[in-house]
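The structure under discussion appears below in the form of structure tokens.
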Amino acid sequence: MKSSLYLVTGGSQGLGRSIVLQLLKQNHKVISLARTSIPKRDLSDNVKNLIQLKIDFSQNFQKKLTSTLKKIPSTKLEEVFLINNAGIIEPVDRIENLKTDQVERHLKINLLAPIIMSQIFLSVFAKVPQKTIVQITSGAATRPVEGWAVYCSGKAGLDMFNEVLALQHQNDNNFKAIGYSPGIMDTAMQTKIRSTTAKQFPDVAEFKKYKTEKQLRSTDYVAADLLSIINDPTNLKSGQVYRVK
Ligand SMILES: NC(=O)c1ccc[n+]([C@@H]2O[C@H](COP(=O)([O-])OP(=O)(O)OC[C@H]3O[C@@H](n4cnc5c(N)ncnc54)[C@H](OP(=O)(O)O)[C@@H]3O)[C@@H](O)[C@H]2O)c1
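Residue numbers (the numbering used here): 18 to 262.
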């Protein structure tokens, strides 16, 4: 097995948590970055391989995180992965009702943080031979959803960032940048979506139906699908958005 390290943002809950737990099961080294941690009682496999860093992506984190990551011995690493997964849905509302501070906070977490995380990753792990960056995107990046103006805009921005990242490294087969669209999953984000009003989000009834009709995928299923895709980085098509199978 190659000596690898995985950085997963939003590893405390939902999809990120499933990714972290599956990576630990596969005996990989993982750094999870979120405001909260996975409690010890929920960790069983290879706990020593996990570092949980408390980070709030709505705040400035660049300097502190860079110096923390620089202390991690990386000379023996053969490959590193960054999975930019942390994200929020709110504010969900008509555009005239949006509040500047909520819009700012959203874009800091969903767009600015993945860009800064990519910058930190590329500079701190510059000497690691194989590098892969995954941006967790959404169907809402390419499909306008009424009420989700900020979310759609952030994810569309992230898709373009992914393309530029890939373009910058087009002659480097040891660097891959991909997007991954996980489909609808049974997480806290979906609970928040279902709690909105039809005025804020006209499609809310349809999303309630996804839950009652059990159409939401489990995060364990989606995490396994994503990990099978990035398992062999040499065959990844940089710049592409992969969708859950
Ligand atoms: N659920 C879906 O149906 C769906 C569909 C398409 C795309 N996605 C995308 O999939 C990704 C994961 O979503 P999910 O459904 O798993 O969400 P989730 O269950 O709500 O989990 C979100 C994760 O992001 C972290 N996070 C939120 N705010 C943060 C902040 N200020 N600083 C640091 N971390 C923060 C949370 O950790 P803490 O609370 O501990 O900070 C948590 O670990 C997101 O990018 C989302 O846009 C989800």
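Using N, Cα and C, we set each Cβ at its ideal position, and we do this for glycine too. Please read these numbers as outputs of a predicted model, since none were measured by experiment.
Under the DSSP definition of a beta bridge, Y259 partners with Y197.
Within the region 210-255, the complete alpha helix (DSSP H) segments at least 4 residues long are 221-229, 236-247, listed from N- to C-terminus. Within the chosen limit of 7 Å, ligand 1 does not reach the beta carbon of N179 with any heavy atom. Apart from the 5 residues on each side of it in sequence, S91 sits with its Cβ closer than 8 Å to the Cβ of L22, V97, V141, F142, K144, V145 in its chain, given in chain order. In the structure shown, the three-state DSSP call for K87 is helix. Using a Cβ distance threshold of 8 Å, N102 and M134 do not count as a contacting pair. The residues D242, in chain order, have a CB closer than 6 Å to that of K262 in the same chain once the five nearest residues on each side in sequence are set aside.
Here the C-alpha atom of K148 lies approximately 16 Å from the C-alpha atom of E180.
For V151, the enclosing beta strand (DSSP E) starts and ends at 147-153.
Checking the 7 Å criterion, the Cβ of F142 is out of range of every heavy atom belonging to ligand 1.
With respect to the 8 Å criterion, K228 and Q257 are not classified as neighbours on the basis of their beta carbons.
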